[in-house]
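For what it's worth, this note's numbering labels the leading residue of the sequence shown as 1019, then goes sequentially.
Each residue gets a CB set at the ideal place from its N, CA and C atoms; glycine is no exception.
To start, the structure under review is shown below, and the notes come after it.
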Amino acid sequence: MYACLFHHIRIHLCLLVLACCMAYPVKAQWLVSNVQHRNSQSLNGSWAVIVDPFNVGENHWKPIWKNQHATGAHDFYEYAFDDAINLQVPGDWNSQQNNLLYYEGTVWYKKDFAYWPMAGHRSFLCFGGANYIADVYCNGKKVGSHEGGFTPFQFEVTRYLQPGNNEVIVRVNNQRTVDGIPALNYDWWNYGGITRDVAVVTTPNKYIQDYFIQLKKNDTTHIAGWVQIAGSTQPEKITIQIPELHLQYHTQTNSAGKANFEFEAHPALWAPAHPTLYQVQIITNTDTVSEPIGFRTIAVKGTDILLNGQPLFLRGINIHEQIPQRAGRAYSSTDAAMLLQWAQQLGCNFVRLTHYPHNEHMVRMADKMGILLWEEIPLWQGIAFSNPVILAKANRLLDEMIERDKNRCAIILWSLSNETTPSTSRDTTLTAMAAHARAMDPTRLITSAFNHVAYKGNTVTIDDSLSKVLDVVGVNEYIGWYTPWPAAPQEMIWKNPFNKPLIMSEFGGEALYGHHGSKDTAGSWSEEYQEQLYKDQVAMFRQIPFLRGTAPWVLADFRSPGRLQPVYQQGWNRKGLLSDKGYRKKAWYIMQQFYAEKKNKE
Ligand code: GCB
């Protein structure tokens, strides 16, 4: 009986520890930037998985992460990776197994790999992303945890790896939580799993950990930034080279391993029409890294957005990280090329990556293709702002997004949030986040998408007071869909007391591709209604003097569990300009024409 009681207490203790771990996961540190161009071994491919709906694998008296095998006659284990099913990584589990389509819970992943540690070197396990909480074990030891489904995380595993066979086990749990970011309810599929690339990166003991290399704010003739070396307290020589520009700059780190720099340079400026990238090399005595980097400035003047000092209109579109035809998460550079080519076919020079940082392929592809980006963290409606843990989590997500993408010239806007309801705790949190993002990256613009505007007769006033902490105001409006037209579109008047550029960051309505009906009835779910809505929106846009960009909601239909209309939606949000097979709806052509006109005026 005592044994039983003891076992019971032990289970409860384990559950308590588990609850604490899940509520306060260890902050994974940013250890290696530019993972794609390092000496690395990919762990992508087939991983063995155990689906654990009641999350018993951790508190089990023989935990799954130990991956033990029966030896004695009375020995047995109620799990086995050896006979388990496999899932592809990167990839969500929902689209790979029919019975996991709606699954929200724990899945254990295991990968075996051969690795030969090199003397005088360090090893890092680098995950591009796993939704939502990941606990990582290497050869039977816990190496760390991470919370957040859309940002990278890394752990040093030098002391855990051994020559020859190695094993990594990851528990991924995608249960929604009240203090999560995003929280309990959101309008996209809760794709779970190790959704992005995994690699082991090998570096020398003293290595180039991170760097920030961009044009100085408002200055097209100086490159400025910093390089951080890990593993050294002695001054280390650093060379920054851009061979194509015949540039070679030498400097030295301080006792904290950091070197700040600024030097003259005359690069061809990166812009959508000529997305020039230069191979930039950073060289120390022990390490070298290199990657393509573009140079441009971005600024705001009154209600204008200036790219390289020139005003521009952002011909945008919202994109979810989903391949509609596959009904699953996008994860590769081929996926990124397809989504961004669609955007270019629409006439876009700008994409809002909704509602979370997309995989790194997307951002690097935008650099190459010349597409400006808005990148945001998934602080989406319904966030528990009164809980102080939210600010800490949100700042950490901002860190992880900015750490990964700060050298990508395509990104011009960091977005803090989407459709948050004004309150004291919301205002304090977003204000602190804006300051945090600016301290991390003083070169880019800060924005947020708000939906609180005041309607009076034919006048719409931007009235979210938080607009004052932003550089560019984003407004999501669904006039013609969730909000009836208060007046004829061409008679609508927009007022902006903040004297800042406005991006209409969302607008649109639903239509089932191939379904035809009344252009006057929203409930017809018809292409004709959606087409008319876009005509009306465009008519209204022409009357807004401070409008500097538009981004329809959304490029393609996407899966969403809350879209329950059994005939027209069937679990899909149908606001796409493209169908779930990638076919163009009538509204596509309205936007395409508007963008062609805008482009002609450039
Ligand atoms: C919004 C949200 C977006 C939704 C969209 C909709 O305002 O920002 O995430 O998917 O509306 O379709 O309702």
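If you keep only unbroken alpha helix (DSSP H) runs of at least 4 residues inside the segment 1190 to 1253, you get nothing at all. DSSP places K1128 inside the beta strand (DSSP E), whose first and last residues are T1124 to Y1133. Between the segment 1156 to 1164 and the segment 1355 to 1369 there are fewer than three inter-stretch CB-CB distances shorter than 8 Å, so the stretches are not counted as touching. Every beta strand (DSSP E) of 3 residues or more that sits fully in the segment 1323 to 1385 is shown, in chain order, as 1368 to 1371. In this chain, the beta strand (DSSP E) harbouring E1174 covers F1171 to E1174.
In terms of Cβ geometry, A1467 and N1436 form a close pair [threshold 8 Å].
K1603 has its Cβ no nearer than 7 Å to any heavy atom of the ligand GCB. Residue environment: G1492 is assigned as buried (16 or more neighbouring CB atoms within 10 Å of its CB, all protein chains considered). Annotation: the continuous alpha helix (DSSP H) that includes Y1607 extends over K1604 to N1618. In chain order, W1392, E1394, T1465 and S1466 place their CB closer than 6 Å to the CB of S1433, counting only its own chain and leaving out the 5 sequence neighbours on each side. Distances taken from the Cβ of D1598 to the heavy atoms of the ligand GCB include none shorter than 7 Å. In terms of Cβ geometry, V1218 and L1061 form a close pair [threshold 8 Å].
Looking at the DSSP output, R1140 shares a beta bridge with T1221. Within the same chain, Cβ atoms closer than 8 Å to the Cβ of Q1054 are found at E1309, E1378 and R1382, the five residues on either side in sequence being excluded. Taking C-beta atoms as the reference points, N1336 and V1572 count as a pair closer than 8 Å. In this structure, Q1299 sits away from Q1343, with a CB-CB distance that is not shorter than 8 Å. Within 7 Å of the C-beta of N1436 there is at least one heavy atom belonging to the ligand GCB. The alpha-carbon of P1515 is positioned some 8 Å away from that of T1479.
In terms of Cα proximity to Q1561, the closest of T1306, P1285, G1158 and T1477 is T1477. Q1266 and A1283 have their C-alpha atoms spaced approximately 10 Å apart. The three-state reading of DSSP puts I1395 in coil, since its state is none of H, G, I, E or B. Judged by their CB atoms, A1291 and G1388 are nearer to each other than the 8 Å cut-off. Cβ contact annotation for C1156 (same chain, cutoff 6 Å, sequence separation greater than five): V1175, Y1178 and V1186, in chain order. With distances taken between CA atoms, T1221 lies nearest to R1140 out of R1140, S1536 and R1189.
Apart from sequence neighbours up to five positions away, the residues of its chain that approach I1301 with a beta-carbon distance below 6 Å are T1257, ordered along the chain. Here I1199 is actually not in contact with W1126; their C-beta atoms are around 24 Å apart, not less than 8 Å. For F1281, the uninterrupted beta strand (DSSP E) run begins and ends at K1276 to E1282, by DSSP. Under the three-state reduction of DSSP, H1078 is assigned to coil, being neither helix nor strand. The segment 1525 to 1610 contains, as complete beta strand (DSSP E) runs of 3+ residues, the segments 1565 to 1568 (chain order).
When the Cα atoms are used, N1117 and K1080 turn out to be separated by approximately 26 Å. For K1319 and K1617, the gap between their C-alpha atoms comes out near 21 Å. Counting every other CB atom within 10 Å of its CB across the protein chains shown gives W1065 a total of 16 or more, marking it as buried. V1491: member of the beta strand (DSSP E) spanning V1491 to N1494, first to last residue. The three-state secondary structure of D1481, taken from DSSP, is coil. Residues A1088 of the same chain have their beta carbon placed closer than 6 Å to that of F1094, with the five preceding and five following residues left out of the count. The beta carbon of F1331 lies closer than 7 Å to those of R1566, G1567 and K1616 in the same chain, with the five residues before and after it left out.
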